[in-house]
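Numbering (the working numbering), first residue to last: 2 to 400.
What follows is a short report on a single structure.
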């Protein structure tokens, strides 16, 4: 059923068809959903603190100092010159109504009322759009929020460009009986702030397995997947990533297993109380996207990327594993860790290099891991050929 709210105002005008601008009372401002907004308000931000300070110190001047609030509703019915009745349709009812812009302002209202501030003189300008489609509401939300810093991820989410990934994760959650903790937009409540739980981290992980786009043996510009910037999501990119998504469970497993291996290493150090790995900090914690995995140390968000990227050697042009993943994944990871990555992190720590992002982006280690993967694959294929030859000989003798 649609939700009906009463809006107390001083006056209103019909600015143009399906849009009303009103001077609303702050002390009785109704509780409206934030669904059309592209980010959740952050009470720790300077924007919120400035709004709250203005409201709590001089509420009678708030109208002149605040940019106002933009709403989307299904219907508006004037009850009198001082009251409007708003009909709200939520997303599960086929609507997209609520606050398009002004989430920090509404949060300040709630906090000021909770602290018993006198807001009887406070007014705020409210722009009410009536009957907007989902795309129209998102378009206004994106344009309205450009005056304040909004991360690119929030804008991509507002456009609905993460839908293909959300649908895949929902299916994966059911299949693996787990829960993914992913932040799709700025200040998302209930989502960890760990960079590993950022939606762009998932995209970077699966991007590392694109052996067609990133192949050092070809003359293409990019030898290895980039990790320093956020992936773009054009139509072509979404199509490419959609083909890679079946490899996401494998890339998540590689990251999880690397973190477990690091945990085992620092739990039993050669010198008690000393961590000999560069960029590993035991004073912080790390949460991985899969809610089953948490660790009592922090590491750069990109630390697993060079390892994950090495696995792309084992894929053919159609992204099928040349060898069943479960047959080699664990042994290969330990091979890379023992012979290359651990030694590399130890040497960087001895050299005093502790900036995690620089360590993970060193092209030398990417090259070394890729070459090692090629050698490892060749050895495995030779073993398989030798095993098949032995079987043929045994069959010949048996005849």
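Every residue gets a Cβ at the ideal spot worked out from N, C-alpha and C, and that includes glycine.
Computed from a prediction, not measured in an experiment: that's the story for all the values here.
1) So, with DSSP's three-state summary, where would you put residue 118?
2) Suppose you measure from the CA of residue 212 to the CA of residue 74; what does that come to, to the nearest Å?
3) Between the Cα of residue 334 and those of 261, 226, 87, 206, spot the shortest distance and give me the residue it belongs to.
4) Can you give me the Cβ contacts of residue 121 inside the same chain, cut-off strictly under 7 Å, excluding the 5 residues immediately before and after it?
5) Applying the criterion that 16 or more other CB atoms from any shown protein chain within 10 Å of the CB defines a buried residue, is residue 148 buried or exposed?
6) Take residue 360 and list the residues in its own chain whose beta-carbon comes closer than 6 Å to its own, dropping the five residues that flank it on each side.
7) Go ahead and label residue 128 buried or exposed: buried means 16 or more other beta carbons lie within 10 angstroms of its beta carbon, across all protein chains shown.
8) Which whole-angstrom value describes the C-beta separation of residue 189 and residue 41, a residue pair presumed to lie in contact below a C-beta threshold of 8 Å?
9) If I follow the unbroken beta strand (DSSP E) through residue 6, where does it start and stop?
10) Give the range of the beta strand (DSSP E) segment to which residue 250 is assigned.
11) Taking 8 Å as the limit between beta carbons, can you name the residues of its chain near residue 20, skipping five residues before and five after?
12) I need the straight-line Cα distance from residue 342 to residue 264, nearest angstrom please.
13) With a cut-off of 8 Å on the beta carbons, I'd call residue 6 and residue 31 a contact; round off their distance for me.
14) Rounded to a whole number of angstroms, what is the C-alpha to C-alpha distance between residue 385 and residue 337?
15) Residue 336 by DSSP, collapsed to three states: which one?
16) In chain order, which beta strand (DSSP E) runs of at least 3 residues are fully inside the stretch 285–339?
17) Is the number of C-beta pairs between the stretch 317–333 and the stretch 288–301 that are closer than 8 Å three or more?
18) Which word fits residue 191, buried or exposed, when buried means at least 16 other C-beta atoms lie within 10 angstroms of its C-beta?
19) Buried or exposed for residue 123, going by 16 or more other Cβ atoms inside 10 Å?
20) State yes or no: is the C-beta of residue 249 within less than 8 Å of the C-beta of residue 207?
21) Alpha helix (DSSP H) containing residue 83: first to last residue?
22) Under 8 Å, do residue 244 and residue 320 count as touching if we go by C-beta distance?
23) Would you report the Cα separation of residue 209 and residue 227, rounded to the nearest angstrom?
24) Take residue 76 and list the residues in its own chain whose beta-carbon comes closer than 6 Å to its own, dropping the five residues that flank it on each side.
25) Does residue 124 come out as helix, strand or coil in the three-state DSSP assignment?
26) Taking DSSP as the reference, what is the three-state secondary structure of residue 105?
27) Can you check which of these residues, 8, 107, 284, 177, is closest to residue 253 by C-alpha distance?
28) Run through the DSSP bridge pairs and tell me what residue 20 is partnered with.
29) Going by DSSP in three states, residue 78 sits in which element: helix, strand or coil?
Well, looking at it:
1) coil
2) 48 Å
3) 261
4) 28
5) Only weak support is given to the placement of residue 148: the predicted model assigns it a pLDDT of 48, under 50, and the question is left unresolved by the model.
6) 279, 280, 349
7) buried
8) 6 Å
9) 4–17
10) Premise fails: residue 250 lies in the alpha helix (DSSP H), 249–268, not in any beta strand (DSSP E).
11) 128, 129, 130, 131
12) 14 Å
13) 4 Å
14) 21 Å
15) helix
16) none
17) no
18) exposed
19) buried
20) yes
21) That residue, residue 83, is in no alpha helix (DSSP H); it is neither H nor E in DSSP.
22) yes
23) 8 Å
24) 88
25) strand
26) helix
27) 177
28) 17, 130
29) strand
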